[in-house]
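For the sequence shown, the working numbering gives the first residue as 15, with consecutive numbering after it.
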Amino acid sequence: MIALAYSVPTGVVAGWSGVLDMILTPAKVSQVDAGWIGFWSVLGGCVFGVAMARFADSIRGMLKLILVLMMAGASLASTWFTLTCLTRLTHLPSTAATLYTSCILVGIFINSSVPIFLELFIETVYPVPEGITCGVVTFLSNLFTGLLLFFLTFYFKELSWLNWCLTGSCLFSLLLILLFRESYDRLYLDVFVSV
């Protein structure tokens with residue numbers, strides 16, 4: 015369950031960010047600006063991910079709560095981005111600042127959740143080796159990226175469905191995280207059992 019909660023949004027955002035220039039073309043954003051938006055969202059996700067991983071290490075046993083907050087933020091930011099791109103249907107201002115901000119927030123929330131997810135996987139499936147665990151979930155994430163890009167080859171004229179896929183993947187992940195029951199067997203052995 016938690017593997018899907020990780021792989022669906024990270025896979026979708028990987029495919030979505032790869033075609034961000036096509037998504038932002040109707041909003042009159044140039045390919046260069048779309049590239050900078052993608053750059054800052056990935057860079058922000060990396061920096062914020064390291065900070066969140068350090069924060070999660072300082073408060074043990076709270077990984078699920080951190081992931082709930084991060085996926086809630088990703089859901090809100092992706093909904094904001096999607097509604098901003100639908101200027102014909104909504105009255106949200108479609109300015110460069112709102113597109114930059116919402117897109118960068120999506121990247122920050124989803125990309126920075128990766129180390130927290132990986133830590134939770136390793137805690138959950140202990141004593142399975144870390145390499146196997148991370149390899150399986152990375153394969154699943156790449157599978158969802160491939161599926162998204164496969165569907166893009168057939169439905170490439172109108173791309174608002176990609177934004178809705180991103181929003182739906184974040185909400186789906188949030189639901190799965192809320193239903194997941196966490197366990198910290200490895201942490202218990204590290205902290206409470208002395209050898």
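Each residue gets a CB set at the ideal place from its N, CA and C atoms; glycine is no exception. Source: prediction; values computed, not measured.
Inset, instruction - Have a look at G52 and V27 and give me their C-alpha separation to the nearest angstrom. - result: Along the sequence shown, read from residue 1 onward, the residue named residue 52 stands at position 38. Along the sequence shown, read from residue 1 onward, the residue named residue 27 stands at position 13. Roughly 11 Å separates the two Cα atoms.
Legend entry - Collapsed DSSP secondary structure at L100 in the structure displayed: The count along the sequence shown starts at 1 and reaches residue 100 at position 86. L100: coil per DSSP, three-state reduction.
Legend entry - Contact check, S183 vs V43, beta carbons under 7 Å: Taking the first residue of the sequence shown as 1, we reach residue 183 at position 169. Taking the first residue of the sequence shown as 1, we reach residue 43 at position 29. The answer is no: Cβ separation not under 7 Å.
Inset, instruction - Would you kindly check if the distance between the Cβ of T147 and the Cβ of V139 is under 7 Å? - result: In the sequence shown, the residue the question calls residue 139 occupies position 125. In the sequence shown, the residue the question calls residue 147 occupies position 133. A contact, by the Cβ cut-off of 7 Å.
Legend entry - Proximity below 7 Å, CB of I124 to CB of A88: Taking the sequence shown and counting its residues from 1, one reaches residue 124 at position 110. Taking the sequence shown and counting its residues from 1, one reaches residue 88 at position 74. Yes, these two residues count as a Cβ contact at 7 Å.
Legend entry - Sub-7 Å separation of I122 and F62 beta-carbons: Taking the first residue of the sequence shown as position 1, residue 122 is located at position 108. Taking the first residue of the sequence shown as position 1, residue 62 is located at position 48. Yes.
Inset, instruction - Just tell me which of P40, V56 and Y20 has its CA closest to the CA of G32. - result: Your numbering for residue 32 matches position 18 in the sequence shown. Looking from the CA of G32, the closest CA among P40, V56 and Y20 belongs to V56.
Inset, instruction - Mark F253 as exposed unless 16 or more other C-beta atoms lie within 10 angstroms of its C-beta, in which case mark it buried. - result: The structure shown does not extend to residue 253, since the chain is modelled only from 15 to 209, so the question has no answer here.
Inset, instruction - Using 10 angstroms around the beta-carbon of L81, count the other beta-carbons present and answer buried if the total reaches 16, otherwise exposed. - result: In the sequence shown, residue 81 corresponds to position 67, counting from 1. It counts as buried.
Inset, instruction - Could you check if I130 is buried or exposed, using at least 16 other CB atoms within 10 Å of its CB as the buried criterion? - result: Reading the sequence shown from its first residue, position 116 is the one you call residue 130. Burial call: buried.
Legend entry - Identity of the residue in C179, S174, W94 and V150 nearest F161 by Cα: Residue 161 sits at position 147 when you count from the first residue of the sequence shown. At residue 161 the sequence reads Leu, which differs from the Phe that was named. If you compare the alpha carbons of C179, S174, W94 and V150 with that of L161, the shortest gap goes to C179.
Inset, instruction - Would you mind stating whether I37 and L173 have Cβ atoms separated by less than 7 Å? - result: To locate residue 37, count along the sequence shown from 1; it is residue 23. To locate residue 173, count along the sequence shown from 1; it is residue 159. Closer than 7 Å, so yes.
Legend entry - Distance, S155 Cα to P143 Cα: Locating residue 143 in the sequence shown gives position 129, counting from the first residue. Locating residue 155 in the sequence shown gives position 141, counting from the first residue. For P143 and S155, the distance between alpha carbons rounds to 19 Å.
Inset, instruction - Count the other CB atoms, across all protein chains shown, that sit within 10 Å of the CB of F168; report buried if there are 16 or more and exposed otherwise. - result: Counting from one through the sequence shown, the residue named residue 168 turns up at place 154. Around the Cβ of F168, a 10 Å sphere holds fewer than 16 other Cβ atoms; the residue is exposed.
Inset, instruction - Spatial neighbours of C117 within its chain, please: CB distance less than 7 Å, with the 5 preceding and 5 following residues excluded, ordered by chain position. - result: Start at 1 with the first residue of the sequence shown, and residue 117 comes out as number 103. Excluding residues within five positions, the ones whose Cβ falls inside 7 Å are I51, S55 and F95.
Legend entry - Span separating the alpha-carbon of P141 from that of K78: Walking along the sequence shown from the start, residue 141 turns up at place 127. Walking along the sequence shown from the start, residue 78 turns up at place 64. Those two C-alpha atoms are separated by around 20 Å.
Inset, instruction - Can you give me the start and stop residues for the alpha helix (DSSP H) that M66 sits inside? - result: Residue numbering aside, residue 66 sits at position 52 when the sequence shown is read from its first letter. Start and end: Q45 to S72.
Inset, instruction - Consult DSSP for G75 and reduce its assignment to one of helix, strand or coil. - result: The residue you call residue 75 lines up with position 61 of the sequence shown. DSSP places G75 in coil when its eight states are reduced to three.
Legend entry - Limits of the alpha helix (DSSP H) - the one that P107 falls within: The residue given as residue 107 occupies position 93 in the sequence shown. No alpha helix (DSSP H) holds P107; DSSP gives it neither H nor E.
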